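Enquirer: Residue numbers (the working numbering): 12 to 80.
Ideal Cβ positions, reconstructed from N, Cα and C, are used throughout, including at glycine.
Every value quoted in this text rests on a predicted model; they were computed, and no experiment measured them.
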């Protein structure tokens, strides 16, 4: 399921990252790697605030839909 459907406060393992190579590289630089753990902190208007590698990151709904957990 895409990250946008994950429950707030729930830890999820990243299974796959979709999109163009540039998008995947950008998400990897932010810490979103396959096998990594991500926790949704809050959702605001479809945009998502997550904890990944002990950092808080806000990503757009479009980016979050490319991350499968």
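Under 9 Å between the Cβ atoms of residue 80 and residue 70?
Expert: Inclusion of residue 80 and residue 70 in the CB contact set at 9 Å is not warranted, their separation being larger than that value.
Enquirer: What separation, rounded to the nearest whole angstrom, lies between the Cα atoms of residue 22 and residue 64?
Expert: 12 Å
Enquirer: Leaving out five residues before and five after residue 12 in sequence, what residues of the same chain have Cβ atoms less than 6 Å from its Cβ?
Expert: none
Enquirer: Below 8 Å on the Cβ atoms is my contact criterion, and I expect residue 47 with residue 25 to pass it. Report the Cβ-Cβ distance as a whole number of Å.
Expert: 5 Å
Enquirer: When you compare only the Cα positions, how much space is there between residue 28 and residue 78?
Expert: The straight-line gap from Cα to Cα measures roughly 5 Å.
Enquirer: What three-state label does DSSP hand residue 80 in the structure shown?
Expert: coil
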